[in-house]
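First up is the structure itself, then whatever we jot down about it.
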Amino acid sequence: MLIVMRHGATEPEIQRVIAVIRDMGYEARVMPGAQRSAVGIVGNDGRVDAARLEGLPGVQEVIQVTKPYKQVSREWKPESTVVHLPGGVAIGGTDVVVIAGPCSVENERQILEAARLVKEAGAAILRGGAWKPRSSPYAFQGLGKPGLKLLAKAREETGVLICTEAMDAEGVAWIAEAADIIQIGARNMQNFSLLKAAGRAKKPVLLKRGMSATIEELLLSAEYLLAEGNHDVILCERGVRSFDTTTRNLLDLTAIPVVHKLSHLPIIADPSHGTGLRDKVIPMARAAVAAGADGIMVEVHPNPDGALSDGAQSLFPEQFTQLMHEARAIAEVIGRRVAEPAMIGG
Ligand code: PEP
Ligand code: MN
């Protein structure tokens, strides 16, 4: 339930609404807006007496949030969320943000080379896993903490922002210190203790859709992050399992306009994991931009044939440069623009 205050409602009037909500045994969340403030009730079980709130001074209307997710819904917050990152990079506004880099951090030379090449091509954010969720325990698991140090070095030397995956609460704390975005992978979309830890972190979170998750489940997982106080959440469509094994996953680009309608949170698309095949990544990245994605995440490697993970879906550097040109042209047609690299030195 959402209590929308009148334009010009006074602070004591807002405080009164909060006091009544607390008196009813619920929690209140104040949302200052450009036009008017609103107070949300969280943790309610549908038995709140709206009449008690409607009559209070300064209250304009009481809106029932009909969806099971609350704070992530557009009913709760009609304006789109813009996640602000260092160096003037913003996800969820007019800009289309490109996150690019290898699947995994492999060694210093590889990640520094990747950082330079993605920056030169115009990407704002470098991706690369220090901890890797692999289907097989015998596959390369990532360098762990030393990998995170290498990402920090790449950030310092080139000025690219960093997005990297956390697999557990301990990882969240380390990544929150060194990186700009904490990624939660598809396999962990419903790891609720991880979501709670990331929800308490003071860094934006990129939440990937689980490979068999519905859009409602994705939004409910995002709700965990907001419920813990982290409102800087970016969603990511990365393909779902299908009956057809021609591609690694079925990239559901419909999720982009669907999520934009249901939620105020930004959503990006990952055509690399979404297709699993290098030659399918470029057309689907173009399609994602055309579909209105707030960004794309693309795997690119200085030497894909020697990659320790996901080489077959990693673009060659020159392919990535070409994709950047195409993404800029497509973005322009729909009144957007590809974000420039961050201005954080380097
Ligand atoms: C990744 O981005 O490297 C990754 C493991 O992706 P996903 O969680 O979507 O499989
Ligand atoms: Mn990968």
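Read in order, the letters of the sequence shown are residues 10 to 355 in my numbering.
In this text, a Cβ means the ideal position worked out from N, Cα and C, and glycines have one as well.
The beta carbons of V127 and L121 sit no closer together than 8 Å. In the three-state reduction of the DSSP assignment, K217 falls in the strand class, which pools E and B. About 7 Å separates the beta carbon of E22 from that of M14, a gap short enough to meet the 8 Å contact definition. Linking L159 to P213 through their CA atoms gives a straight-line distance of about 20 Å. Counting only residues of its own chain and dropping the five nearest sequence neighbours on each side, T90 has a CB closer than 6 Å to the CB of G101, H273, L274.
Shown here for I243: same chain residues with a beta carbon closer than 8 Å to its own, the five before and five after excluded, namely V92, I100, G101, I190, P213, V214, L215, L216, L274, P275, I276, I277, D303, G304 in chain order.
Per the DSSP secondary-structure output, H93 pairs in a beta bridge with A99. For the options E165, G283, V267, the alpha carbon positioned closest to that of G219 is the one of G283.
A direct Cα-Cα distance of roughly 22 Å separates C112 from A296.
Judged by DSSP secondary structure, V242 falls within the beta strand (DSSP E) whose first and last residues are 242–246.
The beta carbons of A321 and R287 sit about 6 Å from each other, so the pair counts as a contact at 8 Å. Counting of Cβ neighbours within 10 angstroms places I30 among the buried residues, the total reaching 16 or more. For P66, the CB stays at least 7 Å from every heavy atom of the ligand PEP. The ligand PEP approaches G138 closely enough that one of its heavy atoms is under 7 Å from the residue's Cβ. About 12 Å separates the beta carbon of I108 from that of A124, a gap too long to meet the 8 Å contact definition. Taking 8 Å as the cut-off, the Cβ atoms of P280 and L260 count as close.
Short note on D319: C-beta closer than 7 Å to some heavy atom of the ligand MN.
In this structure, the alpha-carbon of A348 lies about 21 Å from that of R247. Beyond the five residues adjoining it in sequence on each side, A185 comes within less than 7 Å, by CB distance, of I191, A210, K211, K212 in the same chain, given in chain order. Setting aside the 5 residues that flank it on each side, R25 is surrounded in the same chain by L65, P66, G67, each with a C-beta closer than 8 Å to its C-beta; the list follows chain order.
Closer than 7 Å to some heavy atom of the ligand PEP: that does not describe the Cβ of D189. In the three-state reduction of the DSSP assignment, R83 falls in the coil class. The DSSP-derived three-state label of A123 is helix. Minimum Cα-Cα distance from L324 among the listed residues H16, G110, K205 corresponds to G110. CA-CA distance, G97 to Q331, rounds to 24 Å. Using a Cβ distance threshold of 8 Å, V181 and A148 do not count as a contacting pair.
Nearest Cα to Y233 within the set R257, V267, R250, K205: K205. Going by DSSP, T173 is part of no alpha helix (DSSP H) but of the beta strand (DSSP E) stretching over 170–174.
Under the three-state reduction of DSSP output, E88 falls in the coil class, being neither helix nor strand. Restricted to the segment 255–304, the alpha helix (DSSP H) segments that are unbroken, complete and at least 4 residues in length are 264–271, 280–284, 287–299, listed in chain order. Per DSSP, reduced to three states, the secondary structure at D319 is coil, with no helix or strand assignment. The beta-bridge partner set that DSSP reports for L227 is empty. For K217, the Cβ falls inside the 7 Å cut-off from some heavy atom of the ligand PEP. Residue pairing by DSSP puts I50 in a beta bridge opposite A37.
The three-state reading of DSSP puts I343 in coil, since its state is none of H, G, I, E or B. In terms of CA proximity to S202, A231 leads the group R345, A231, T167.
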